[in-house]
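A.B. asks: Going by our numbering, the sequence shown opens with residue -2, and the numbers climb by one from there.
Just passing along the structure, written as structure tokens.
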Amino acid sequence: MLRPRIAALSQVEVVVLDLLAPSHDGALVPMTVLHRKGLVLDGKNPTLLNGYGAYGFSQTARFSSAELAWIEQGGVIALANVRGSGVYGRDWYQGGFKSTKRNTWLDGIACARLLIERGFASPQTLAVSGGSAGGIFAGRAMSAAPELFAAAILYVGVLDAVRAEESANGITNISEFGTVKDSLEFKALLEMSTFHQIRDGVAYPAVMLVHGLNDPRVDVWNSAKTAARLQAASNSQRPILLRLDEQAGHGMGSTATQRRGEQADVYAFLLWQMGKTSLARN
């Protein structure tokens, strides 16, 4: 029953590009960009920049039916291997770690600028996303450079890094992010905490925060309090939505139906905010 669908999907010609984005300190950040063959680089393409940048995990291009659906409609997927990932080994990983964590989102901002410069997207058609520890990447890129993005998707994100170690799973992440008990690490935690970096009267992009109420790794209050703070602070009139699932956790145990429903909501939200509602109906 799956073969006809797989055969149909395989007919889509996908271009895979490896680019290097110059970051704030001269470091060249590797980014993989996927799009449909023949894409016009006019800045009008719905583009989704995804990153993680923690624990030495690297982003690799892979088959994804959900991402292929985005590409089929003329969308662009960009995977940023920012510092904190392990793409260049231990030094690259530790370049986005504790007191150097700011490189993670500054590298992401550099990738966003390159996508705009190359004509893949514009600030009206570019979104940033990240999940779990990648919530730091996406949340801080969005809050540090809101003018670059039409939207942000924060999946089960670590968004209040200052309070995180007080959660049930928090102590296991001290070795990665630091502790409030150390003055230097506290400063780094405060800087990487999206919740604490939101400022009143700033025109933030549209944001969807996605969380499961039964998440054992990242407590749901991270998304809830950040959504409330953004709603109170932003003056852009863009929607700030909190998408909660009573039957979900950190994502790994979600059913296929749950995953499809979540992805449909995310894509519809992004295309709406990018002015591509005709694609959303497809």
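Ideal Cβ placement from N, Cα and C applies to all residues, glycine included.
The structure presented is a predicted model; accordingly, all values stated were derived computationally and were not measured.
#1: In the DSSP assignment, find the alpha helix (DSSP H) that holds A193 and state where it starts and stops.
#2: Taking the alpha carbon of G258 as the reference point, which residue from R137, P236, D242 and L186 has its own alpha carbon closest?
#3: Does the count of Cβ pairs from the stretch 223 to 235 and the stretch 197 to 214 closer than 8 Å reach three?
#4: In the structure shown, what three-state DSSP assignment does R240 receive?
#5: Give the range of the beta strand (DSSP E) segment to which L76 is assigned.
#6: Do you know offhand how far V217's Cα is from E10's?
#7: Using DSSP with H/G/I as helix, E/B as strand and the rest coil, what is R137?
#8: I'd like to check one pair, G136 with Y152: are the Cβ atoms closer than 8 Å?
#9: Whether or not the stretch 79 to 99 and the stretch 49 to 62 are in contact is what I'm after, with contact meaning three or more pairs of Cβ atoms, one per stretch, closer than 8 Å; do they touch?
#10: Start and end of the alpha helix (DSSP H) containing V263?
#11: For my contact list, V155 and A161 are in at a C-beta cut-off of 8 Å; report their separation, rounded to the angstrom.
#12: What residue from P27, Q228, L187 and G198 has the CA that sits closest to G48's CA?
#13: So the beta strand (DSSP E) I150 belongs to, where does it begin and stop?
#14: Using the Cα positions of T29 and H21, report the straight-line distance between them to the nearest angstrom.
#15: Just checking, does the stretch 57 to 65 make contact with the stretch 136 to 146 on the three C-beta pairs under 8 Å criterion?
C.D. replies: This is what the structure gives:
#1: Taking the first residue of the sequence shown as position 1, residue 193 is located at position 196. Reading off the sequence shown, one finds His at residue 193, where the question assumed Ala. Start and end: T191 to Q194.
#2: As a working note, residue 258 is residue 261 in the sequence shown. Of R137, P236, D242 and L186, the residue nearest in Cα terms is D242.
#3: yes
#4: Counting from one through the sequence shown, the residue named residue 240 turns up at place 243. In the structure shown, R240 sits in a strand (DSSP, three-state: E or B).
#5: On the sequence shown, position 79 is the one that residue 76 refers to. Unbroken beta strand (DSSP E) run through L76: V73 to A77.
#6: As a first step, residue 217 is located in the sequence shown; it is residue number 220 there, counting from the start. As a first step, residue 10 is located in the sequence shown; it is residue number 13 there, counting from the start. Each residue's Cα considered, the two are about 39 Å apart.
#7: Within the sequence shown, the letter at position 140 stands for residue 137. Here R137 sits in helix by DSSP.
#8: Taking the first residue of the sequence shown as 1, we reach residue 152 at position 155. Taking the first residue of the sequence shown as 1, we reach residue 136 at position 139. Not a contact, by the Cβ cut-off of 8 Å.
#9: yes
#10: Counting from one through the sequence shown, the residue named residue 263 turns up at place 266. Start and end: A253 to Q270.
#11: If you number the sequence shown from 1, residue 155 lands on position 158. If you number the sequence shown from 1, residue 161 lands on position 164. Indeed they touch by this definition, with Cβ atoms about 6 Å apart.
#12: To locate residue 48, count along the sequence shown from 1; it is residue 51. When only C-alpha atoms are compared, the closest one is P27.
#13: Numbered from its first residue, the sequence shown carries residue 150 at position 153. Note, I150: beta strand (DSSP E), A148 to Y152.
#14: As a first step, residue 29 must be located in the sequence shown, where it is residue number 32. As a first step, residue 21 must be located in the sequence shown, where it is residue number 24. For T29 and H21, the distance between alpha carbons rounds to 19 Å.
#15: no
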